[in-house]
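The structure under discussion appears below in the form of C-alpha cells.
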Amino acid sequence: QVQLVESGGGLVQAGGSLRLSCAASGSISTFVTMGWYRQAPGKQREVVALIMVRSGIANYADFVKGRFTISRDDAKNLVLLQMNSLKAEDTAVYYCHGKINFVETLWGQGTQVTVSP
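Each residue of the sequence shown is one higher than the one before, counting from 2 in this note's numbering.
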C-alpha cells in the first residue's frame, strides 16, 4: 500500500518561508487529488491546498492565496507546498492527503510548522 511521508516543517520567523514535501512510496498517479491540510491546537483540521494530480489544477484556501503554492514532481513522486510570507496563525501540524477514489484516502503522519511572531 502506498504511504505518504511529510518533511520540511520547522520553526521560522513571521515573514519567512518553508517548503513542505510529501513523498509517496509509490506513484502519485495512484491518486486523483493530493493536498495539504493543517490542524492547529484546539481547532479542526482544515484544507490548505489541493492539486488534481493528472491536470495539475490547484485550489487554495482563501487564507493562503498568494502566499502558498502547491505543486507536484511526478518523476520523484512528490507533492510540495511552498509557503511564503508566513504568519503566526499559520502555526499548525500540516498533513499530506491523497484521495485514491471516493472511499479510499491516505494521510501522512504530519509535520509541525511553527511561526514565531
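A virtual CB, placed ideally from N, CA and C, is assigned to each residue, including glycine. The model shown is predicted, which means the values in this text are computed figures rather than measured ones.
Exposed unless 16 or more other CB atoms sit within 10 angstroms - verdict on residue i
{"i": "GLU7", "result": "buried"}
{"i": "ARG73", "result": "buried"}
{"i": "ARG39", "result": "buried"}
{"i": "ILE52", "result": "buried"}
{"i": "THR106", "result": "exposed"}
Collapsed DSSP secondary structure at residue i in the structure displayed
{"i": "VAL65", "result": "helix"}
{"i": "ASP91", "result": "helix"}
{"i": "ILE29", "result": "helix"}
{"i": "VAL104", "result": "coil"}
{"i": "ASN78", "result": "coil"}
{"i": "GLY11", "result": "strand"}
{"i": "ILE58", "result": "coil"}
Straight-line Cα distance separating residue j from residue i
{"i": "SER22", "j": "GLN4", "result": "13 Å"}
{"i": "VAL80", "j": "GLU90", "result": "23 Å"}
{"i": "VAL94", "j": "LYS77", "result": "24 Å"}
{"i": "VAL13", "j": "TYR61", "result": "22 Å"}
{"i": "GLN45", "j": "GLY111", "result": "14 Å"}
{"i": "LYS66", "j": "CYS97", "result": "18 Å"}
Contact belief for residue i with residue j at Cβ below 8 Å, rounded distance in angstroms
{"i": "MET35", "j": "VAL49", "result": "Going by Cβ atoms, the distance from MET35 to VAL49 rounds to 12 Å, so no, they are not a contact pair."}
{"i": "SER117", "j": "ALA15", "result": "7 Å"}
Proximal residues to residue i (C-beta, below 8 Å), its chain only, five neighbours per side dropped
{"i": "GLY11", "result": "LEU19, GLN113, VAL114, THR115"}
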